[in-house]
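K.L.:
Chains as they are written, first to last, in full-length UniProt numbering: chain Y, 1 to 345; chain W, 1 to 345; chain C, 1 to 345; chain P, 1 to 345.
Mind looking over this structure? Questions follow.
Number of protein chains: 4
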Amino acid sequence: MIQVAIVGASGYTGVELLRLLINHPQVEITCVTSRQNAGSPISSVFPSLLGRSDLVFDPVDVELIASRAKVIFTALPHKAAMAVVPDLLKAGCKVVDLSADYRLKDAAVYEQWYQPHTSVDLLAEAAYGLPELYREQIQEARLVANPGCYPTSVALGLAPLVQGGLIDLSSLIIDSKSGTSGAGRSAKVGSLYCEVNEGFKAYGVASHRHTPEIEQTLGQLSGKPVSISFTPHLLPVNRGILSTCYATLTDKHATGELIELYQQHYRNEPFVRVHPEGELPNVAYVRGSNYCNIGLVSDSRTGRVIVVSVIDNLLKGAASQAVQNMNLMLGLEEGCGLQDLPLFP
Amino acid sequence: MIQVAIVGASGYTGVELLRLLINHPQVEITCVTSRQNAGSPISSVFPSLLGRSDLVFDPVDVELIASRAKVIFTALPHKAAMAVVPDLLKAGCKVVDLSADYRLKDAAVYEQWYQPHTSVDLLAEAAYGLPELYREQIQEARLVANPGCYPTSVALGLAPLVQGGLIDLSSLIIDSKSGTSGAGRSAKVGSLYCEVNEGFKAYGVASHRHTPEIEQTLGQLSGKPVSISFTPHLLPVNRGILSTCYATLTDKHATGELIELYQQHYRNEPFVRVHPEGELPNVAYVRGSNYCNIGLVSDSRTGRVIVVSVIDNLLKGAASQAVQNMNLMLGLEEGCGLQDLPLFP
Amino acid sequence: MIQVAIVGASGYTGVELLRLLINHPQVEITCVTSRQNAGSPISSVFPSLLGRSDLVFDPVDVELIASRAKVIFTALPHKAAMAVVPDLLKAGCKVVDLSADYRLKDAAVYEQWYQPHTSVDLLAEAAYGLPELYREQIQEARLVANPGCYPTSVALGLAPLVQGGLIDLSSLIIDSKSGTSGAGRSAKVGSLYCEVNEGFKAYGVASHRHTPEIEQTLGQLSGKPVSISFTPHLLPVNRGILSTCYATLTDKHATGELIELYQQHYRNEPFVRVHPEGELPNVAYVRGSNYCNIGLVSDSRTGRVIVVSVIDNLLKGAASQAVQNMNLMLGLEEGCGLQDLPLFP
Amino acid sequence: MIQVAIVGASGYTGVELLRLLINHPQVEITCVTSRQNAGSPISSVFPSLLGRSDLVFDPVDVELIASRAKVIFTALPHKAAMAVVPDLLKAGCKVVDLSADYRLKDAAVYEQWYQPHTSVDLLAEAAYGLPELYREQIQEARLVANPGCYPTSVALGLAPLVQGGLIDLSSLIIDSKSGTSGAGRSAKVGSLYCEVNEGFKAYGVASHRHTPEIEQTLGQLSGKPVSISFTPHLLPVNRGILSTCYATLTDKHATGELIELYQQHYRNEPFVRVHPEGELPNVAYVRGSNYCNIGLVSDSRTGRVIVVSVIDNLLKGAASQAVQNMNLMLGLEEGCGLQDLPLFP
């Protein structure tokens with residue numbers, strides 16, 4: 001059994017990592033940390049885990065963590081992550097970082113959208129943890145930057161079109177909708193039940209920090225700079241992201257033709273599922289699983305293609321993708337511990 | 001008191017018409033019809049109305065209806081509406097039709113998206129019931145075609161830009177999200193609680209019947225043919241539509257400048273509210289009211305403007321807009337009976 | 001127009017008072033206070049009110065408030081309320097207090113369930129603001145203690161049985177379920193969307209502070225001390241309380257007989273509606289209104305009666321009942337400004 | 001691999017059986033039937049299963065089923081189940097029946113609450129499939145009657161008190177709340193999203209068919225006839241049952257003492273979890289799992305104990321309990337294929 005730690009395990013991503021790793025056949029969780037909950041059993045913070053683990057939250061202490069585990073999941077806010085990751089690597093650990101700190105290759109872009117970067121030297125080394133696009137880099141990485149939730153849904157949804165050169169990149173508009181767990185577990189009025197329930201809104205219009213991350217990936221896939229319109233919305237569900245992507249086709253292609261392209265593109269990918277023509281994804285079809293489901297329609301009236309992709313933001317958008325990355329980094333079977341089918345209804 | 005009737009009053013639009021008209025100070029409901037519920041008191045079908053009305057559902061009978069009321073709200077499915085509206089007009093009634101049957105001016109377009117039209121001669125006469133754009137026609141109309149819910153949110157959201165010639169019309173993309181009451185009260189698996197709750201999906205992609213209605217209005221406002229991409233989504237809330245509209249600006253305009261334009265444009269409109277810069281609408285801000293709220297952002301990175309507009313689909317998107325139209329047709333104060341503030345939370 | 005103030009208007013009860021009073025034909029809001037939001041327009045805190053009021057939050061200042069208004073609604077937490085109410089009364093204002101501070105007649109009981117009472121001398125004078133039971137006292141009161149939400153649903157649900165001596169008082173079990181707005185608008189992890197949505201739990205079992213308030217009212221109605229089992233639960237809806245009350249009948253009575261008794265008992269009450277036999281209330285039937293709906297079943301197998309009563313916790317359970325009390329205190333028509341029909345769906 | 005069939009697999013229980021059995025390491029699904037969906041791939045009816053199974057729905061044909069599988073799950077409505085179960089047994093299959101048809105030992109009681117029983121001779125033989133209470137009978141059974149969802153939550157919640165003789169059986173009141181998936185996947189107005197969402201109601205008061213099933217089990221545990229008050233409510237969540245049970249203690253016992261008793265009672269049960277004092281269960285703590293969580297409070301003011309138990313109605317209340325029963329019938333490890341942790345949030 002490989003020993004793993006979760007740093008910052010008291011949020012929604014943390015509890016999902018716990019859920020997945022407790023049942024993972026090849027690893028053993030030996031350390032979990034939480035600033036506010038240090039000293040408490042994890043089952044008192046997450047009663048869903050009652051009886052399944054005797055772990056107690058430790059404070060964040062790099063030496064302690066490194067002495068107990070070989071692979072570390074850092075589920076900290078950005079800025080806090082880059083304060084501990086370099087030391088964890090120095091101590092010989094492999095790290096899957098779920099923050100934004102190592103996702104952007106260009107420190108200047110990071111600093112434009114976030115704040116000063118204090119760990120620039122690791123940016124080149126960090127692998128971007130989207131296995132369907134960067135599997136080989138991940139397999140050899142010490143440090144994996146686990147992608148953002150929105151960027152995962154968009155990159156998988158658009159990769160075949162972008163790599164195939166089928167769309168006008170300047171026409172890209174991405175309208176995304178995320179479940180509320182994406183806002184985290186901290187107490188804010190805007191995340192209260194009565195503020196979210198029976199409500200729906202856009203936020204971060206033309207200013208959301210996942211924009212440069214999406215543009216970086218699509219830029220790498222196309223070999224050209226990409227500039228997108230990206231609008232996130234807050235959805236009154238616990239889990240799920242649905243991204244509706246609009247692009248002008250450079251040539252005419254029927255819906256069936258494009259679906260065939262997608263099915264070919266993803267034929268060896270265990271966690272990407274392409275819907276047949278006439279069927280479109282619903283966030284409910286991936287809930288609780290590591291899947292990304294994709295559907296699309298080619299609109300001959302306007303010459304645009306509309307791609308709809310869905311993931312569970314806490315899983316393929318965070319925790320289960322992190323486990324997929326860990327599996328690759330350790331040479332385990334990529335889907336090990338990730339075979340749960342979606343929970344419907 | 002003016003006598004009014006509601007034909008097809010057992011759906012969600014019907015109960016909203018009942019709620020508004022029971023409290024309307026200038027009218028009296030004298031007839032309500034329902035095929036399935038004929039003979040039942042309205043309060044047995046809608047216990048929310050218990051003690052507030054002794055009305056009993058009648059079967060649909062044009063003579064009876066016309067003998068009892070002067071203004072008729074027809075809340076029937078398309079096709080069923082045009083089967084009764086001509087006779088109601090012949091009998092001397094004024095009609096606010098909430099179906100799609102008289103919204104499209106061009107019968108050929110109607111027949112392309114719906115089915116054969118059996119009341120073509122009334123199309124020219126029917127006023128399109130969006131008071132903010134067609135107030136004068138409505139005031140003089142015998143027949144008002146009450147707009148679709150999505151088209152209402154889009155037309156109000158885009159009118160200042162389109163009339164001002166500020167956007168490239170070919171760039172228009174509209175990503176809309178509607179609460180589930182828009183799907184009606186008929187028993188379908190797809191509308192079951194467990195299918196909708198904790199789910200989210202696009203539907204009718206590139207094929208929704210509100211597309212030509214939106215294009216007709218924007219075409220009239222711009223004086224040019226307009227072709228849009230329109231994608232509706234099903235939102236797990238009872239009420240509310242939010243439309244996110246994307247368009248390329250023909251010239252640069254800052255967000256504040258465009259908001260100023262909107263505030264000027266709507267300064268005399270009692271039911272359109274424009275949010276100040278930095279604030280965006282939420283469907284929760286209009287729930288239970290006749291308001292349309294609008295916010296926008298100009299994105300200098302991409303040269304696009306993003307407009308977000310929200311309405312309560314059952315009210316400004318259906319029942320309260322119908323009452324606003326009735327008020328105009330009868331020469332009553334336009335906002336009579338429509339002063340309810342939104343219910344939050 | 002009578003001038004009124006709302007002290008502590010930035011919570012969910014506050015926004016409901018604002019919504020009701022802005023449209024109330026006999027009063028004018030001249031002062032609203034909020035510690036955290038002092039200086040902000042109310043429409044920036046509650047965008048649902050955009051365009052309907054220019055009021056700006058003031059800090060809490062008794063002199064200022066008393067100089068501006070004749071009737072004061074204090075929507076403060078318990079303890080904070082009794083710190084301002086005595087001075088408001090001294091300044092000649094009438095007060096409707098929505099906190100728990102003046103509800104319990106016996107200071108010792110208050111101190112057992114809450115904390116030391118600092119305004120004991122006003123307890124005898126305060127009228128308990130449940131108009132259906134204490135209308136005359138309210139009409140003559142300077143100070144009305146607006147009832148708790150749970151106690152309102154229970155007292156109205158049980159009054160006919162208790163006053164009629166039809167049940168064994170020692171057998172009373174009350175299982176209540178409340179929407180989440182009852183937990184207020186303060187930022188707490190337990191009130192976050194993801195904690196409440198798709199969840200359901202009991203809380204405060206055998207220890208909730210509304211227990212002695214219910215016992216006091218039932219005790220007054222029966223003339224005997226009453227001790228109940230009361231279990232509140234947190235319901236994943238914004239609004240609504242449903243109380244399921246169980247009691248052993250002292251004699252056999254058929255369901256129809258008891259419903260007849262209830263209909264007689266409440267025949268002159270405009271805001272209590274008794275469902276016919278075979279129909280039971282749903283919180284959705286009273287949403288957005290001042291109604292209490294009641295249904296019941298007599299179970300001959302067990303000799304028990306089961307009474308189900310529902311209210312909107314923010315309205316009949318708080319804000320609209322407070323307005324009903326104000327109307328009585330001012331000699332206005334009791335239902336003035338409270339005629340909204342429930343919003344369904 | 002043991003071959004299993006699911007008869008009536010197109011409902012919510014059916015899709016959960018599919019989800020569990022596709023991943024079960026010891027069995028292989030060789031036949032699924034559905035009257036309405038015969039001929040369709042299961043992934044077209046349940047897109048959540050896309051890519052994970054090539055099964056196609058067959059019509060219900062006993063010979064076909066028996067030729068393909070050794071263990072049959074019958075997930076049919078009552079009455080339809082007993083029309084096929086006898087033939088399946090005759091054909092040598094083992095059957096886990098998820099309907100109500102074999103749960104009640106006394107055909108007369110069944111006929112009083114349901115309709116005439118056409119398979120009376122099998123009632124004595126059928127084991128009641130609550131492993132925590134009837135493990136040995138299940139291990140030897142050909143036919144297991146999988147318990148109802150409400151009865152499972154109540155029997156596990158009360159067994160220690162009833163077996164220990166600690167409560168007055170005549171005082172038992174059970175107030176239960178169920179998620180909407182319990183109402184099934186058939187298209188009914190009452191199950192529509194807009195009817196259930198933001199609503200809450202009691203139903204089947206004093207007349208729900210699970211009443212005699214609960215009474216039978218508690219009667220067997222106590223050795224005396226038991227008559228209860230049982231009130232189910234419809235909860236606006238997809239999954240989960242919470243039962244709040246009230247009983248008068250025959251002697252005084254502190255909360256901690258009773259919790260100790262429960263922990264002892266269930267110390268060897270892998271799927272029952274007892275919360276420590278001060279913590280109460282939430283349906284969210286068991287979502288997606290086979291767990292039953294129990295918490296309790298002893299109220300010295302009233303002499304009553306309040307027990308709260310929760311399950312996932314589709315799992316421990318149906319599908320996963322059925323798999324647990326299958327495991328026992330086949331001599332497999334009881335928890336095989338049932339190790340999923342609850343999905344939170």
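By construction, the Cβ of each residue, glycine as well, lies at the ideal position given by its N, Cα and C atoms.
I need the DSSP call for Y110/C, collapsed to helix, strand or coil.
P.N.:
The count along the third sequence starts at 1 and reaches residue 110/C at position 110. The answer is helix: DSSP assigns Y110/C an H, G or I state.
K.L.:
Check whether the segment 293-313 of chain P touches the segment 114-121 of chain P, counting contact only when three or more Cβ pairs, one atom from each stretch, lie closer than 8 Å.
P.N.:
With the cut-off at 8 Å, the segment 293-313 of chain P and the segment 114-121 of chain P do not touch.
K.L.:
So within the segment 39-123 of chain Y, which uninterrupted alpha helix (DSSP H) runs reach at least 4 residues, ignoring any that extend past its ends?
P.N.:
With a minimum length of 4 residues, the continuous alpha helix (DSSP H) runs that stay inside the segment 39-123 of chain Y are 42-45, 62-68, 85-90, 107-113.
K.L.:
Find the nearest neighbour of T101/C within the set P86/C, K224/C, P160/C, N327/C, judged by alpha-carbon distance.
P.N.:
Position 101 of the third sequence holds residue 101/C. The sequence given here has Asp at residue 101/C, not Thr. Residue P86/C is the option with its Cα nearest to D101/C.
K.L.:
Hey, quick one: how far does the alpha helix (DSSP H) through E260/P stretch, first residue to last?
P.N.:
As a first step, residue 260/P must be located in the fourth sequence, where it is residue number 260. First-last of the alpha helix (DSSP H) with E260/P: 255-265.
K.L.:
Are the beta-carbon atoms of R68/C and Q3/C separated by less than 8 Å?
P.N.:
On the third sequence, position 68 is the one that residue 68/C refers to. On the third sequence, position 3 is the one that residue 3/C refers to. Yes, the pair counts as a contact, with Cβ atoms nearer than the cut-off.
K.L.:
Considering only DSSP beta bridges, list what A5/W is partnered with.
P.N.:
Here residue 5/W refers to the residue found at position 5 of the second sequence. DSSP output for A5/W lists C31/W, I72/W as bridge partner(s).
K.L.:
Using CA atoms only, rank isn't needed, just tell me which of S229/Y, G337/Y, A155/Y is closest to R19/Y.
P.N.:
In the first sequence, residue 19/Y corresponds to position 19, counting from 1. Ranking S229/Y, G337/Y, A155/Y by Cα distance to R19/Y puts G337/Y first.
K.L.:
Could you pull out every residue in the same chain whose Cβ sits closer than 7 Å to the Cβ of R135/C, ignoring the five residues on either side in sequence?
P.N.:
Against the third sequence, residue 135/C aligns to sequence position 135. Here the set comprises L328.
K.L.:
In this structure, how does DSSP classify N327/C when only helix, strand and coil are distinguished?
P.N.:
Counting from 1 along the third sequence, the entry for residue 327/C is found at position 327. N327/C: helix per DSSP, three-state reduction.
K.L.:
Could you confirm whether any beta carbon from chain C is found closer than 8 Å to the beta carbon of D340/W?
P.N.:
Residue 340/W sits at position 340 when you count from the first residue of the second sequence. Cβ-Cβ to chain C under 8 Å: yes for D340/W.
K.L.:
Within 10 Å of its beta-carbon, does G92/P have 16 or more other beta-carbons around it, so buried, or fewer, so exposed?
P.N.:
Within the fourth sequence, numbered from 1, the residue matching residue 92/P stands at position 92. Counting Cβ neighbours within 10 Å, G92/P comes out exposed, since fewer than 16 surround it.
K.L.:
Can you tell me which of T30/P, S48/P, A124/P puts its alpha carbon nearest to the alpha carbon of L343/Y?
P.N.:
If you number the first sequence from 1, residue 343/Y lands on position 343. Closest by alpha carbon: S48/P.
K.L.:
For the segment 130-205 of chain Y, list the alpha helix (DSSP H) runs that are entirely contained and at least 4 residues long, ordered along the chain.
P.N.:
Listed in chain order, the complete alpha helix (DSSP H) runs (minimum 4 residues) inside the segment 130-205 of chain Y are 131-139, 149-163, 193-196.
K.L.:
Rounded to a whole number of angstroms, what is the C-alpha to C-alpha distance between H265/Y and G204/C?
P.N.:
Taking the first sequence and counting its residues from 1, the one referred to as residue 265/Y is at position 265. Taking the third sequence and counting its residues from 1, the one referred to as residue 204/C is at position 204. The alpha-carbon atoms of H265/Y and G204/C are separated by roughly 55 Å.
K.L.:
Where are the alpha helix (DSSP H) runs, 4 residues long or more, that stay fully inside the segment 268-337 of chain Y, in chain order?
P.N.:
If we require 4 residues or more, the alpha helix (DSSP H) runs fully inside the segment 268-337 of chain Y come out as 319-329.
K.L.:
DSSP three-state label for L242/W, please.
P.N.:
Taking the second sequence and counting its residues from 1, the one referred to as residue 242/W is at position 242. Correct three-state label for L242/W: strand.
K.L.:
Report buried or exposed for Q115/P, applying the criterion of at least 16 other Cβ atoms within 10 angstroms of its Cβ.
P.N.:
Residue 115/P sits at position 115 when you count from the first residue of the fourth sequence. Classification for Q115/P: exposed.
K.L.:
For V186/W, does the count of other Cβ atoms within 10 angstroms reach 16, so buried, or fall short, so exposed?
P.N.:
Locating residue 186/W in the second sequence gives position 186, where the first residue counts as 1. Going by the sequence as given, residue 186/W is Ser instead of Val. Result: exposed.
K.L.:
To the nearest angstrom, report how far apart L280/P and A202/C are at their CA atoms.
P.N.:
Residue mapping note: residue 280/P aligns to position 280 of the fourth sequence, counting from 1. Residue mapping note: residue 202/C aligns to position 202 of the third sequence, counting from 1. Roughly 7 Å between the two C-alpha positions.
K.L.:
Can you say whether V189/Y is buried or exposed, counting buried as having 16 or more other CB atoms within 10 angstroms of its CB?
P.N.:
For the purposes of this step, residue 189/Y is taken as residue 189 along the first sequence, with counting starting at 1. Classification for V189/Y: exposed.
K.L.:
Does the distance from the CB of H275/P to the CB of N293/P come in under 8 Å?
P.N.:
Locating residue 275/P in the fourth sequence gives position 275, counting from the first residue. Locating residue 293/P in the fourth sequence gives position 293, counting from the first residue. Yes; because the gap between Cβ atoms is below 8 Å, this pair is in contact.
K.L.:
Whole angstroms is fine: what's the gap from Y150/C's alpha carbon to D168/C's?
P.N.:
Here residue 150/C refers to the residue found at position 150 when the third sequence is read from its first residue. Here residue 168/C refers to the residue found at position 168 when the third sequence is read from its first residue. C-alpha separation (whole angstroms): 21 Å.
K.L.:
Report yes or no: do the segment 6-19 of chain C and the segment 169-181 of chain W share at least 3 C-beta pairs separated by less than 8 Å?
P.N.:
The segment 6-19 of chain C is not in contact with the segment 169-181 of chain W.
K.L.:
Please list the partners that D299/C has in chain P, where partner means a Cβ-to-Cβ separation under 9 Å.
P.N.:
By one-based count along the third sequence, residue 299/C stands at place 299. Going along chain P in sequence order, the residues near D299/C (Cβ under 9 Å) are V205, A206, S207, S229.
K.L.:
Contact between the segment 318-328 of chain C and the segment 30-45 of chain P: three or more CB pairs below 8 Å?
P.N.:
Result no; under three Cβ-Cβ pairs closer than 8 Å.
K.L.:
Can you pull out the residues from the segment 72-88 of chain W whose beta carbon lies closer than 9 Å to at least one beta carbon of chain P?
P.N.:
Listed by position along the chain: nothing, the set is empty.
K.L.:
Helix, strand or coil: how does DSSP classify S227/W here?
P.N.:
Counting from 1 along the second sequence, the entry for residue 227/W is found at position 227. Coil.
K.L.:
Can you confirm whether R142/W, when its beta carbon is compared against all beta carbons of chain C, has any partner nearer than 8 Å?
P.N.:
One-based indexing of the second sequence puts residue 142/W at position 142. Not an interface residue.
K.L.:
Give the straight-line distance between the Cα atoms of residue 346/Y and P232/Y, rounded to the nearest whole angstrom.
P.N.:
Residue numbering for chain Y in the displayed model covers 1 to 345; residue 346/Y lies beyond these limits and cannot be assessed.
K.L.:
Beta carbon of S243/Y, beta carbon of I173/Y: below 8 Å?
P.N.:
Stepping through the first sequence from its first residue, residue 243/Y is reached at position 243. Stepping through the first sequence from its first residue, residue 173/Y is reached at position 173. No. Outside cutoff.
K.L.:
Report the rounded CA-to-CA distance for Q263/W versus E257/W, giving the unit in angstroms.
P.N.:
Reading the second sequence from its first residue, position 263 is the one you call residue 263/W. Reading the second sequence from its first residue, position 257 is the one you call residue 257/W. Approximately 10 Å, taken between the alpha carbons.
K.L.:
In angstroms, rounded to a whole number, what distance separates the CA positions of L332/Y and H24/P?
P.N.:
The residue given as residue 332/Y occupies position 332 in the first sequence. The residue given as residue 24/P occupies position 24 in the fourth sequence. Roughly 21 Å between the two C-alpha positions.
K.L.:
Kindly list, in the order they appear in chain C, the residues whose Cβ is closer than 7 Å to that of I42/W.
P.N.:
Translated into positions along the second sequence, residue 42/W becomes position 42. Those do not exist, as I42/W stays about 12 Å from chain C at its closest Cβ, beyond 7 Å.
K.L.:
Got a sec: which bits of the UniProt domain "Semialdehyde dehydrogenase NAD-binding" (3-141) of chain C sit with their beta carbon under 9 Å from any beta carbon on chain W, in order along the chain?
P.N.:
Cβ contacts with chain W come from Y12, V15, E16, L18, R19, L20, I22, N23, S44, F46, P47, S48, L49, L50, G51, R52.
K.L.:
Could you name the residues of the segment 171-191 of chain P whose beta carbon sits closer than 7 Å to any beta carbon of chain W, in the order they occur along the chain?
P.N.:
Cβ contacts with chain W come from T180, S181, R185, A187, K188, V189, S191.
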